[in-house]
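Mind the numbering: the sequence shown is residues 498 to 653 in the working numbering, read in order.
Ideal Cβ positions, reconstructed from N, Cα and C, are used throughout, including at glycine.
Just so it is clear, the structure is predicted and the values come from calculations on it, not from any experiment.
A quick write-up on the structure given underneath.
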Amino acid sequence: MNKEETRVDVNLVLFKKDGSKKNFSLPSNITIVGRRHDCDLCVPLMVVSRRHCQLSQNNLSLKVRDLDSRSGTFLNGKRISEATVQAGDYITIGPLTFLLQIDGEPKKIAPPQQPRTTPAPKKPPAQKAPANDLSGSFPELEIDDSDSFLDELDDI
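Written as structure tokens, this is what we have:
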């Protein structure tokens with residue numbers, strides 16, 4: 498391998514809500530992340546575009562490029578169209594935030610800091626609905642797809 502083909506070891510580290518983490522190694526110079534099954538890293542969530550973003554490595558430089566996704570690609574909390582990334586940066590794709598680890602750096606890794614949120618206002622007491630109104634028949638479901646599929650993901 499000559500200097501023009503120098504590659505670094507790149508990992509995306511995803512922290513689950515329980516504090517555990519999952520590593521995804523980027524095996525090639527170009528990695529496509531998206532919802533489609535033919536993407537290099539498939540994230541089967543509807544808020545992730547079919548072809549969401551691309552990570553590309555050229556020598557020792559690593560770039561992330563949004564592929565015109567609806568929800569955008571974020572680098573350290575800022576929406577980007579294309580940017581050079583470094584070890585320790587956070588890349589957000591849909592509801593998932595990955596820590597970028599390059600050649601084992603940073604050694605100490607931590608989940609991203611969550612912004613402080615104010616508690617939701619209390620709901621008023623439920624009112625009795627007419628007999629033909631089904632809107633109150635089903636309890637509200639809290640859907641949390643961001644963690645449920647992680648065990649099914651194959652390493653890329």
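Handout entry: Within the stretch 531-604, ranges of the beta strand (DSSP E) (whole runs, at least 3 residues)
Key = Counting only runs of 3+ residues, the beta strand (DSSP E) found wholly inside the stretch 531-604 occupies 550-555, 558-563, 570-572, 575-577, 579-582, 587-590, 593-599, in chain order.
Practice task
Run the proximity test for aspartate 563: is its beta-carbon closer than 7 Å to any non-hydrogen atom belonging to the ligand MN?
Solution key: Absence of the ligand MN is noted for the structure shown, with no ligands found whatsoever.
Handout entry: For leucine 631, three-class secondary structure by DSSP
Key = Reliability fails at leucine 631, whose pLDDT of 36 lies under 50, so the model's placement of it is uncertain and no value is given.
Problem - Backbone CA spacing between serine 517 and leucine 593 [nearest angstrom] - result: When rounded, the distance between both Cα atoms is 14 Å.
Handout entry: Buried or exposed by the 16-neighbour rule on C-beta atoms within 10 Å, applied to cysteine 549
Key = Strictly speaking, residue 549 in this sequence is histidine, with cysteine absent from that position. Its Cβ being crowded by 16 or more others within 10 Å, histidine 549 is buried.
Handout entry: Beta-ladder partner(s) of leucine 511, from DSSP
Key = Per DSSP, Lys519, Phe595.
Practice task
For serine 568, I'd like the list of residues in its chain whose CB is within less than 6 Å of its CB, leaving aside the five on either flank, ordered along the chain.
Solution key: A distance below 6 Å between beta-carbons, with the five flanking residues on each side excluded, links serine 568 to the following residues of its chain, in chain order: Val544, Gly591.
Handout entry: Helix, strand or coil at isoleucine 606 [DSSP, three-state]
Key = Of the three classes helix, strand and coil, the one that applies to isoleucine 606 here is coil, per DSSP.
Problem - Status (buried if at least 16 other CB within 10 Å, exposed otherwise) for serine 546 - result: Around the CB of serine 546, 16 or more other CB atoms lie within 10 Å, so the residue is classed as buried.
Practice task
Sort Thr581, Gly574, Asn573 by Cα distance to arginine 655 and report the nearest one.
Solution key: A query on residue 655 cannot be resolved here, the shown segment of the chain reaching from 498 to 653 and no further.
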